[in-house]
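A.B. asks: Input: one structure, supplied below.
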Amino acid sequence: MMDIKNLTNDFGVEVRNFDCSKKMGYDELNLLKKTIQDRHFICFKNQKLDGDTLASFTKNFGKLEAYPEKDKTKGKIEIFNVSNVSEDGEHLDPDDQRVILQKNNSRWHTDSSYRYLPSIFSILYGQETLPPKAEGGQTQFSNMLLAYDHLPEDKKILLEPLHQVHSYNDIRRLEPGLPELTYEEKSNFPPVTHPIVRVHPDRNFRKSLYFTSNTSLEIGGMSLEQGKELHKWLVNYISQPKFCYTHKWQKNDLIMWDNRVLLHRVIPYDYAKYRRAMIRGTVEGEVPVLGPFSNEVRLNNN
Ligand SMILES: [Fe+2]
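In terms of this note's numbering, the sequence shown opens at residue 15 and continues consecutively.
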């Protein structure tokens with residue numbers, strides 16, 4: 015039987031004595047689904063996985079998302095290499111575009127927010143992790159349900175009607191070292207907007223914050239400068255330790271999180287000195303992000 019232990023008072027659990035590479039039973043899957051819904055983050059210790067077994071495990075929770083770019087950092091199109099190591103095991107140069115894409119992950123974000131249907135879960139397996147005494151390399155999470163609850167009333171009112179632009183192509187504005195997307199890649203992922211206050215029908219219509227810092231920084235109805243100012247405020251606000259859990263990696267950890275309610279970022283590390291190799295399976299979103307004024311939410315409030 016798996017052992018489950020809470021990591022903080024508010025969210026996160028650690029699971030031991032469970033093998034994610036094996037086909038699981040109905041009861042185990044139900045327990046994990048309930049756990050991720052209630053606690054938003056799970057770390058499964060001591061796993062032994064490859065791309066195929068990670069894909070099979072991920073499929074327990076929904077459909078696998080495919081990567082937007084044709085041929086950048088992946089082996090299988092559904093398994094992303096979150097890594098400064100090539101598929102052949104070569105430690106990549108810090109200026110390599112695959113590493114630049116990793117550096118962008120040190121900005122707070124939620125995966126696939128540039129899609130109309132952003133992903134539900136990300137599932138990330140640590141194949142090579144930094145030595146215990148190295149600086150950086152952790153993955154930090156901030157709880158957006160909690161952050162919303164603690165917002166001052168005037169900020170709730172200010173944020174309530176706002177939408178952010180999310181654009182895969184705009185990563186190039188933040189990281190000019192990246193090559194242009196092809197026409198096909200661009201047209202597969204036109205910019206989208208999502209409400210900054212997200213409402214969760216499967217959580218009793220609770221509200222959370224929902225924004226990113228790794229794509230576009232534009233907010234509808236504001237000048238770019240005003241949008242950037244508001245972003246800066248949000249980033250400082252959600253970085254407070256009372257909302258956060260920092261995952262210090264051990265090799266063979268498999269972590270899973272709910273992108274609908276957590277933001278995450280990697281703490282920068284010395285990309286030239288250390289190897290960090292991870293593979294990720296991503297569960298596709300099924301519904302658009304609902305804001306406070308969507309019909310579904312309004313009807314529920316009446
Ligand atoms: Fe990410």
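We put the beta carbon where it would ideally sit given N, CA and C, even for glycine.
Taking just the CA atoms, how far does Lys48 sit from Arg217?
C.D. replies: So the two alpha carbons sit approximately 12 Å from each other.
A.B. asks: List the residues that DSSP assigns as beta-bridge partners of Lys221.
C.D. replies: Partner(s): Val213.
A.B. asks: Along the chain, where does the beta strand (DSSP E) that runs through Glu169 open and close?
C.D. replies: According to the sequence provided, residue 169 is Lys. The question's Glu does not apply to it. Element bounds for Lys169: not the beta strand (DSSP E) but the alpha helix (DSSP H), 167 to 173.
A.B. asks: Rounded to a whole number of angstroms, what is the C-alpha to C-alpha distance between Asp109 and Gly191?
C.D. replies: About 8 Å.
A.B. asks: Say whether chain D places a C-beta atom closer than 8 Å to the C-beta of Pro205.
C.D. replies: Judged by its chain identifiers, the structure shown contains no chain D, having just a single protein chain.
A.B. asks: So, with DSSP's three-state summary, where would you put Tyr130?
C.D. replies: Looking at Tyr130 - three-state DSSP - the assignment turns out to be coil, as it is neither helix nor strand.
A.B. asks: Answer yes if the segment 110 to 117 comes into contact with the segment 234 to 247, meaning at least three C-beta pairs across the two stretches below 8 Å, and no otherwise.
C.D. replies: Not touching, per the Cβ criterion.
A.B. asks: Please indicate yes or no: does the CB of Asn119 lie closer than 7 Å to some heavy atom of ligand 1?
C.D. replies: Asn119: yes, Cβ under 7 Å from ligand 1.
A.B. asks: Rounding to the nearest angstrom, what Cα-Cα distance links Leu313 and Phe257 in this structure?
C.D. replies: If you take the alpha carbons of Leu313 and Phe257, they lie about 31 Å apart.
A.B. asks: Starting from the N-terminal side, write out each stretch of the beta strand (DSSP E) that is 3 residues or longer and does not extend beyond the segment 248 to 294.
C.D. replies: You should have 258 to 261, 268 to 272, 276 to 280.
A.B. asks: Tell me the start and end of each unbroken beta strand (DSSP E) in the segment 23 to 93 that is at least 3 residues and wholly inside, in chain order.
C.D. replies: Fully enclosed beta strand (DSSP E) runs of 3 or longer: 27 to 30, 55 to 58.
A.B. asks: Please list the terminal residues of the continuous beta strand (DSSP E) segment that includes Lys19.
C.D. replies: Where Lys19 is concerned, the enclosing beta strand (DSSP E) stretches over 17 to 20.
A.B. asks: Are the segment 132 to 145 and the segment 162 to 171 touching, with three or more C-beta to C-beta distances below 8 Å?
C.D. replies: With the cut-off at 8 Å, the segment 132 to 145 and the segment 162 to 171 do not touch.
A.B. asks: Under 7 Å Cβ to Cβ from Phe225, same chain only, skipping five residues before and after it: list those, please.
C.D. replies: Excluding positions up to five away in sequence, the list reads Gln178, Ile210, Leu248.
A.B. asks: Given Val96, which residues of its chain have a CB within under 6 Å of its CB, disregarding the five upstream and five downstream residues?
C.D. replies: Excluding sequence neighbours, Val96 sits near Met292, Arg294.
A.B. asks: What first and last residue would you give for the beta strand (DSSP E) that runs through Ile137?
C.D. replies: Ile137 -> beta strand (DSSP E) spans 135 to 142.
A.B. asks: Looking only at its own chain, which residues have a Cβ that is under 8 Å from the Cβ of Glu189, when we skip the five neighbours before and after it?
C.D. replies: So the list reads Ile114, Leu115, Lys117, Asn118, once near-sequence residues are dropped.
A.B. asks: Thinking just about the alpha-carbon of each residue, which of Gly151, Gln254, Arg53 is nearest to the one in Asp284?
C.D. replies: That would be Gly151, whose Cα lies nearest to the Cα of Asp284.
A.B. asks: Taking just the CA atoms, how far does Leu268 sit from Ala286?
C.D. replies: Going from the Cα of Ala286 to the Cα of Leu268 covers about 24 Å.
A.B. asks: Under three-state DSSP, which class holds His245?
C.D. replies: His245: helix per DSSP, three-state reduction.
A.B. asks: Can you check whether the CB of Asn273 is closer than 8 Å to the CB of Ser133?
C.D. replies: For Ser133 and Asn273, yes; Cβs fall inside 8 Å.
A.B. asks: For a test of your reading of the model: does the CB of Asp125 fall under 7 Å from any non-hydrogen atom of ligand 1? Yes or no.
C.D. replies: Checking every heavy atom of ligand 1 against the Cβ of Asp125, one is found closer than 7 Å.
A.B. asks: Under the assumption that Phe94 contacts Phe58 (Cβ atoms under 8 Å), give the Cβ distance between them as a whole number of angstroms.
C.D. replies: With 8 Å as the limit, Phe94 and Phe58 do not qualify as a contact, their Cβ atoms being about 19 Å apart.
A.B. asks: Name the two residues that bound the continuous beta strand (DSSP E) containing Ser156.
C.D. replies: First-last of the beta strand (DSSP E) with Ser156: 153 to 157.
A.B. asks: How far does the alpha helix (DSSP H) with Val113 in it reach, from first residue to last?
C.D. replies: 111 to 117 is the span of the alpha helix (DSSP H), which, as asked, contains Val113.
A.B. asks: Could you work out which residue in Ser181, Asn250, Leu159 is closest to Ser222 when comparing CA atoms only?
C.D. replies: Closest by alpha carbon: Leu159.
A.B. asks: Across which residues does DSSP place Thr229 in a beta bridge pair?
C.D. replies: Paired residues: none, contrary to the question.
A.B. asks: Given Phe71, which residues of its chain have a CB within under 6 Å of its CB, disregarding the five upstream and five downstream residues?
C.D. replies: These residues qualify, in order along the chain: Cys34.
A.B. asks: Report all residues from its chain with a CB closer than 7 Å to the CB of Thr229; omit the five preceding and five following residues, and keep chain order.
C.D. replies: Same-chain partners within the cutoff: Ser127, Tyr128, His180, Ser181, Tyr182, Asp184, Ile185.
A.B. asks: Take Glu310 as the anchor and find which of Ala69, Arg289, Pro215 has the nearest alpha-carbon.
C.D. replies: Per the Cα distances, Pro215.
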